[in-house]
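Enquirer: I have a structure I would like to understand better, so I am pasting it below and will then ask my questions one at a time.
There are 2 protein chains.
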Amino acid sequence: MITGFSNPTVKSLRALREKKHRKAAGKFLAEGLRLLTDARESGFLPETLVMAETRDTHPLLAALEADVHAARGEVIVTSPDILSKITGKDNPQAVAGVFTEFDTSLASIDRSSSPVWLVAQALRDPGNLGTMLRTGDAIGAGGLILIDDCADPFSAEAVRASMGAIFTQKVARAQWEEFLPWLREGTGQLVAASLRNAVPYRGAPYAAPCFILVGNESRGLPEEYEAACDLKVTMPMKGRADSLNAAVAAAVLAYEVIAALSP
Amino acid sequence: MITGFSNPTVKSLRALREKKHRKAAGKFLAEGLRLLTDARESGFLPETLVMAETRDTHPLLAALEADVHAARGEVIVTSPDILSKITGKDNPQAVAGVFTEFDTSLASIDRSSSPVWLVAQALRDPGNLGTMLRTGDAIGAGGLILIDDCADPFSAEAVRASMGAIFTQKVARAQWEEFLPWLREGTGQLVAASLRNAVPYRGAPYAAPCFILVGNESRGLPEEYEAACDLKVTMPMKGRADSLNAAVAAAVLAYEVIAALSP
Numbered sequence: 081m082i083t084g085f086s087n088p089t090v091k092s093l094r095a096l097r098e099k100k101h102r103k104a105a106g107k108f109l110a111e112g113l114r115l116l117t118d119a120r121e122s123g124f125l126p127e128t129l130v131m132a133e134t135r136d137t138h139p140l141l142a143a144l145e146a147d148v149h150a151a152r153g154e155v156i157v158t159s160p161d162i163l164s165k166i167t168g169k170d171n172p173q174a175v176a177g178v179f180t181e182f183d184t185s186l187a188s189i190d191r192s193s194s195p196v197w198l199v200a201q202a203l204r205d206p207g208n209l210g211t212m213l214r215t216g217d218a219i220g221a222g223g224l225i226l227i228d229d230c231a232d233p234f235s236a237e238a239v240r241a242s243m244g245a246i247f248t249q250k251v252a253r254a255q256w257e258e259f260l261p262w263l264r265e266g267t268g269q270l271v272a273a274s275l276r277n278a279v280p281y282r283g284a285p286y287a288a289p290c291f292i293l294v295g296n297e298s299r300g301l302p303e304e305y306e307a308a309c310d311l312k313v314t315m316p317m318k319g320r321a322d323s324l325n326a327a328v329a330a331a332v333l334a335y336e337v338i339a340a341l342s343p
Numbered sequence: 081m082i083t084g085f086s087n088p089t090v091k092s093l094r095a096l097r098e099k100k101h102r103k104a105a106g107k108f109l110a111e112g113l114r115l116l117t118d119a120r121e122s123g124f125l126p127e128t129l130v131m132a133e134t135r136d137t138h139p140l141l142a143a144l145e146a147d148v149h150a151a152r153g154e155v156i157v158t159s160p161d162i163l164s165k166i167t168g169k170d171n172p173q174a175v176a177g178v179f180t181e182f183d184t185s186l187a188s189i190d191r192s193s194s195p196v197w198l199v200a201q202a203l204r205d206p207g208n209l210g211t212m213l214r215t216g217d218a219i220g221a222g223g224l225i226l227i228d229d230c231a232d233p234f235s236a237e238a239v240r241a242s243m244g245a246i247f248t249q250k251v252a253r254a255q256w257e258e259f260l261p262w263l264r265e266g267t268g269q270l271v272a273a274s275l276r277n278a279v280p281y282r283g284a285p286y287a288a289p290c291f292i293l294v295g296n297e298s299r300g301l302p303e304e305y306e307a308a309c310d311l312k313v314t315m316p317m318k319g320r321a322d323s324l325n326a327a328v329a330a331a332v333l334a335y336e337v338i339a340a341l342s343p
């Protein structure tokens, strides 16, 4: 039971809201019983479980607590005020957990494990990032590869928007100069939505493993990145706008790809 | 030229960040030259144009300023600090405009003007709302109908996420009890993504005008709303999650519908 705001554990948990402290600690925070249960059922237990003393009893929370104890993890009970301080939310969920960040090297990716992968370049919005993870989970993608300077997949907002997919999808981070040689070491079709020299996205010759590449929210993909793609496809744009939200574009394209690749 | 933070015009513009003040004034704020140019090219001029004294010259800004003057609108020049105060952003765009809110009654909707309409029920996230408007623009939808208690389409976040589509898409707001009789007064197929008694979304018998209905981000659609639909379709869910982000689900379904309805 922790009751003091200045407790060192509270301070170190609070610090995980900031990217530099997450990076230094190699840890991140996930909030809410649903997310923590998704994690547990995917084989991930928090090393520290923080619960509000005002929490309601719930069989899933009891199961989580028992598993954390069994794994010799730490269980902390605290006040809603302190939990609010830790999560930075006025109405925090009654439970949060601290997880070790995953290995996000390209070397950790087994491209043969799925026919579809999502790839995002310079994606700045953590909500879009989490939404892409969630879409990846839904379509049975292998994971999300983040190219160049992207939002942090372990930020609270990305974790929340992923709706648990942060625990089911592989995440890798790489610079373009590192990604492209890695891709060309094995089989893999790089596909981008584009307005230049593109074929209609419906009925395009998709091939597994298919890597669906979307660009930055405001600038799109650099021209030389597009030029390196094996296939450029175009989606109907009937209005004034010339682009879709990045997470939306990835999803529409990904659903087309899995339909094309399904037997 | 306005230099004082306590200037009544500054105060009234600042107030537009809050829903109750927007509603009372019947006005909303749009920021940035790109958005204001989208508005102008769609036939909407701000009644008040606010520019930072530090703005760069730009032919599109000059054109906008000239049009606002010609329409006897107000042009205000102010400091970046005051513009920051008005927009609530640390690094505000150099220009913002005040627009009159549009008529959002169902009576203002001409369903025959487009084969596809997006409908959202109890959508709470203004980013999702704006993204749906943007998708609607891209697919040539008629507009977005907001059912029950939704986020405000005129909030800064929704307007920004719409990427100008707030000026090209019709927006209507109605309670379900009002919407359903309106829909049944004319032709219109109500389609929902559902897990209950649904057919695959690819190859489903879509018919124009098709109204694509998505539910609240966390609760989905109430059962009785689903029961009132003419067609329930299901999308592949291969992972742990049983749902997609609301704006993503709407987009994937909408692209399928326009492909099916295209000659």
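Here the protein sequences line up with chains A and B, keeping their order.
Everything in the first sequence is counted per the numbering used here, starting at 81 for the first residue and increasing by one.
Everything in the second sequence is counted per the numbering used here, starting at 81 for the first residue and increasing by one.
Glycine residues also receive a C-beta, built at the ideal position from the N, C-alpha and C atoms.
Beta carbons nearer than 7 Å to chain A: which residues of the region 273-284 of chain B have them?
Expert: So the close ones are Arg282.
Enquirer: Buried or exposed: where does Gly207 of chain B fall if 16 or more other Cβ atoms within 10 Å of its Cβ makes it buried?
Expert: In the second sequence, residue 207 of chain B corresponds to position 127, counting from 1. Flag for Gly207 of chain B reads buried.
Enquirer: Just to make sure I have the definition right: I need the residues of chain B whose C-beta is within less than 8 Å of the C-beta of Thr215 of chain A. Which are they?
Expert: On the first sequence, position 135 is the one that residue 215 of chain A refers to. Within chain B, the residues near Thr215 of chain A are Leu324, Asn325 and Val328.
Enquirer: Just tell me which of B:Val239, B:Trp256, B:Val199 and B:Phe182 has its CA closest to the CA of Ala331 of chain B.
Expert: Taking the first residue of the second sequence as position 1, residue 331 of chain B is located at position 251. It is B:Val199 whose Cα lies nearest to the Cα of Ala331 of chain B.
Enquirer: With a threshold of 9 Å between beta carbons, is Pro26 of chain B in contact with chain A?
Expert: The requested residue 26 of chain B does not occur in the structure, where chain B is confined to residues 81 to 343.
Enquirer: Less than 9 Å between CB atoms is the rule here; does Gly168 of chain A satisfy it with respect to chain B?
Expert: As a first step, residue 168 of chain A is located in the first sequence; it is residue number 88 there, counting from the start. No, Gly168 of chain A does not count as interfacial toward chain B.
Enquirer: Three or more C-beta pairs under 8 Å: does that hold for the region 311-326 of chain B against the region 274-286 of chain B?
Expert: Counting Cβ pairs under 8 Å, three or more are found: they touch.
Enquirer: For Val332 of chain A, return the contacting residues in chain B, with the cut-off set at a CB-CB distance below 7 Å.
Expert: One-based indexing of the first sequence puts residue 332 of chain A at position 252. Residues of chain B passing the Cβ test: Ala331, Val332 and Tyr335.
Enquirer: As an exercise, report each continuous beta strand (DSSP E) stretch of at least 3 residues that is fully enclosed by the region 118-166 of chain B, in chain order.
Expert: Counting whole runs of 3 or more residues, the region 118-166 of chain B contains the beta strand (DSSP E) stretches 128-132 and 154-158.
Enquirer: Measure the CB-CB distance between Leu213 of chain A and Ser242 of chain A and report whether it falls below 9 Å.
Expert: Residue numbering aside, residue 213 of chain A sits at position 133 when the first sequence is read from its first letter. Residue numbering aside, residue 242 of chain A sits at position 162 when the first sequence is read from its first letter. Against a cut-off of 9 Å, the Cβ pair of Ser242 of chain A and Leu213 of chain A comes out as a contact.
Enquirer: Skipping 5 residues on each side, what residues in its chain have a beta carbon closer than 7 Å to that of Asp229 of chain A?
Expert: Within the first sequence, the letter at position 149 stands for residue 229 of chain A. Same-chain partners within the cutoff: Ala202.
Enquirer: Is the distance from the Cβ of Val178 of chain A to the Cβ of Pro126 of chain A below 9 Å?
Expert: Here residue 178 of chain A refers to the residue found at position 98 of the first sequence. Here residue 126 of chain A refers to the residue found at position 46 of the first sequence. Yes, the pair counts as a contact, with Cβ atoms nearer than the cut-off.
Enquirer: Give the straight-line distance between the Cα atoms of His149 of chain A and Gln249 of chain A, rounded to the nearest whole angstrom.
Expert: Along the first sequence, read from residue 1 onward, the residue named residue 149 of chain A stands at position 69. Along the first sequence, read from residue 1 onward, the residue named residue 249 of chain A stands at position 169. C-alpha separation (whole angstroms): 26 Å.
Enquirer: Assuming Leu109 of chain A contacts Leu96 of chain A under a Cβ cut-off of 8 Å, what Cβ separation, rounded to an integer in Å, is found between them?
Expert: The residue given as residue 109 of chain A occupies position 29 in the first sequence. The residue given as residue 96 of chain A occupies position 16 in the first sequence. Going by Cβ atoms, the distance from Leu109 of chain A to Leu96 of chain A rounds to 5 Å, so yes, they are a contact pair.
Enquirer: Measuring only between beta-carbons, confirm whether Arg320 of chain A sits less than 9 Å from chain B.
Expert: The residue you call residue 320 of chain A lines up with position 240 of the first sequence. At least one chain B Cβ lies under 9 Å of Arg320 of chain A.
Enquirer: Excluding five sequence neighbours on each side, which residues of the same chain lie with their C-beta closer than 7 Å to the C-beta of Glu336 of chain A?
Expert: Position 256 of the first sequence, counted from the start, is the residue given in the question as residue 336 of chain A. Only Tyr281 and Arg282 meet the Cβ criterion.
Enquirer: Which residue comes first and which comes last in the alpha helix (DSSP H) that contains Ile219 of chain B?
Expert: Against the second sequence, residue 219 of chain B aligns to sequence position 139. First-last of the alpha helix (DSSP H) with Ile219 of chain B: Pro206 to Ile219.
Enquirer: Using the Cβ count rule (16 or more neighbours within 10 Å means buried), how would you classify Asn171 of chain B?
Expert: Counting from 1 along the second sequence, the entry for residue 171 of chain B is found at position 91. With fewer than 16 Cβ atoms within 10 Å of its Cβ, Asn171 of chain B is classed as exposed.
Enquirer: Looking at the structure shown, is Val260 of chain A part of a helix, part of a strand, or coil, going by DSSP?
Expert: Reading the first sequence from its first residue, position 180 is the one you call residue 260 of chain A. According to the sequence displayed, residue 260 of chain A carries Leu and not Val. Helix at Leu260 of chain A.
Enquirer: So Ala245 of chain A packs on Gly216 of chain A, CB below 8 Å; how close in whole Å?
Expert: Residue numbering aside, residue 245 of chain A sits at position 165 when the first sequence is read from its first letter. Residue numbering aside, residue 216 of chain A sits at position 136 when the first sequence is read from its first letter. With a Cβ gap of about 6 Å, Ala245 of chain A and Gly216 of chain A count as contacting.
Enquirer: To the nearest angstrom, report how far apart Asn325 of chain A and Thr211 of chain B are at their CA atoms.
Expert: The residue given as residue 325 of chain A occupies position 245 in the first sequence. The residue given as residue 211 of chain B occupies position 131 in the second sequence. In a straight line, the C-alpha of Asn325 of chain A is about 7 Å away from that of Thr211 of chain B.
Enquirer: Under 9 Å between C-beta atoms, does Ser352 of chain A make it to chain B?
Expert: For chain A, the structure presents residues 81 to 343; residue 352 of chain A sits outside this window and is missing.
Enquirer: Under 7 Å between beta-carbons, which chain B residues line up against Met243 of chain A? List them in chain order, please.
Expert: If you number the first sequence from 1, residue 243 of chain A lands on position 163. Ala321, listed in chain order.
Enquirer: Who are the neighbours of Thr128 of chain A on chain B, taking C-beta pairs under 9 Å?
Expert: In the first sequence, counting from the first residue as 1, residue 128 of chain A sits at position 48. Simply none; closest approach about 23 Å.
Enquirer: For Asp190 of chain B, is the classification buried or exposed, using 16 other Cβ atoms within 10 angstroms of its Cβ as the cut-off for buried?
Expert: For the purposes of this step, residue 190 of chain B is taken as the residue at position 110 of the second sequence. Exposed, by the Cβ-count rule.
Enquirer: Out of A:Ala187, A:Ala236, A:Ala218 and A:Ala221, which one is the CA nearest neighbour of Gln173 of chain A?
Expert: Your numbering for residue 173 of chain A matches position 93 in the first sequence. The shortest C-alpha separation from Gln173 of chain A is found at A:Ala236.
Enquirer: Count the other CB atoms within 10 Å of the CB of Ala321 of chain B; is the residue buried (16 or more) or exposed (fewer)?
Expert: Numbered from its first residue, the second sequence carries residue 321 of chain B at position 241. The residue is buried, with at least 16 neighbouring Cβ atoms inside 10 Å.
Enquirer: Counting only beta-carbon atoms, is Ile219 of chain B nearer than 9 Å to chain A?
Expert: Indexing the second sequence from 1 puts residue 219 of chain B at position 139. It does; some Cβ of chain A falls within 9 Å.
Enquirer: Answer with buried or exposed for Thr180 of chain A, where buried requires no fewer than 16 other C-beta atoms within 10 angstroms of its C-beta.
Expert: Numbered from its first residue, the first sequence carries residue 180 of chain A at position 100. Exposed.
Enquirer: Run through chain A and tell me which residues come within less than 7 Å of Ala339 of chain B, C-beta to C-beta.
Expert: Translated into positions along the second sequence, residue 339 of chain B becomes position 259. Neighbours of Ala339 of chain B on chain A, chain order: Arg282.
Enquirer: Could you tell me whether any Cβ in chain A is nearer than 9 Å to the Cβ of Gly222 of chain B?
Expert: Here residue 222 of chain B refers to the residue found at position 142 when the second sequence is read from its first residue. False, the Cβ-Cβ gap to chain A never drops below 9 Å.
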